[in-house]
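Read the structure below first, then the notes.
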Amino acid sequence: MKHIHNANLKHDQAVELLRYIFKEIPRLSNKQLDTIGLDKAIYDAIKHGMIEFIDEIIQLYPEVTRRKDKKGRTLFSNAIVLQQEKIFNHVYNLGSKQCIALLRHDIFRNNFLHLAAKLSHPSRLDHISGATLQMQRELQWFEVIHYLLKFLLPICVTKYLKW
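Each residue of the sequence shown is one higher than the one before, counting from 1 in the working numbering.
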């Protein structure tokens with residue numbers, strides 16, 4: 001019982017430390033953010049499905065949703081590449097900025113649909129037995145992103161590309 005209490009205490013302290021750090025981020029320049037490795041920290045949090053970390057940083061530093069890493073990918077692009085649906089679902093909370101996020105592309109000119117079509121890293125598929133089930137998982141992920149874009153892109157186009 002004491003072990004659980006200590007673990008919870010450490011978790012709460014870590015969250016408080018993160019909040020303190022995230023409150024300071026808006027005061028830093030892009031160069032300083034690069035130096036401290038913000039993009040790597042966000043990528044690692046996405047990779048490991050650390051939804052609480054992502055929730056906190058979006059809440060305290062909303063501009064992070066527009067920040068691009070060295071590959072020109074946003075938090076949402078990386079969530080697609082790493083197939084982290086719960087993190088990607090934050091795109092629904094962007095309101096009017098949602099369309100801008102959906103229309104972005106990386107330095108390789110890949111949009112969200114291109115990224116969703118890429119095969120996952122083998123370590124991501126290791127826990128799924130059989131090639132058929134692995135391919136089914138990949139296809140399901142692509143269809144989730146395709147459905148979202150099929151639904152939202154026409155709205156974005158009519159909203160932002162009026163002639």
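Beta carbons: idealized from backbone N, C-alpha and C, even for Gly.
Check                                                                                                                                                                 : Outcome
Look up methionine 1 in the DSSP assignment and say whether it is helix, strand or coil.                                                                              : coil
Report yes or no: do the segment 65 to 75 and the segment 93 to 103 share at least 3 C-beta pairs separated by less than 8 angstroms?                                 : yes
Below 8 angstroms, how does it come out for the segment 6 to 20 and the segment 32 to 49: are there three or more Cβ pairs, yes or no?                                : no
Can you give me the Cβ contacts of glutamate 138 inside the same chain, cut-off strictly under 7 angstroms, excluding the 5 residues immediately before and after it? : Leu119, Ser120
Do alanine 116 and valine 144 have their beta-carbon atoms positioned less than 9 angstroms apart in this structure?                                                  : yes
Between leucine 113 and the rest of its own chain, which residues show a CB-CB distance below 7 angstroms, the 5 nearest in sequence each way excluded?               : Ile145, His146, Leu149
Taking a contact to mean a Cβ-Cβ separation below 9 angstroms, would you say isoleucine 25 touches leucine 33 in this structure?                                      : yes
Exposed or buried, which one is glutamate 106 when buried takes at least 16 other CB atoms within 10 Å?                                                               : At residue 106 the sequence reads aspartate, which differs from the glutamate that was named. Buried: at least 16 other Cβ atoms inside 10 Å.
Using the Cα positions of glutamine 13 and glutamate 52, report the straight-line distance between them to the nearest angstrom.                                      : 14 angstroms
Using CA atoms only, rank isn't needed, just tell me which of Tyr61, Met50, Glu16 is closest to leucine 28.                                                           : Tyr61
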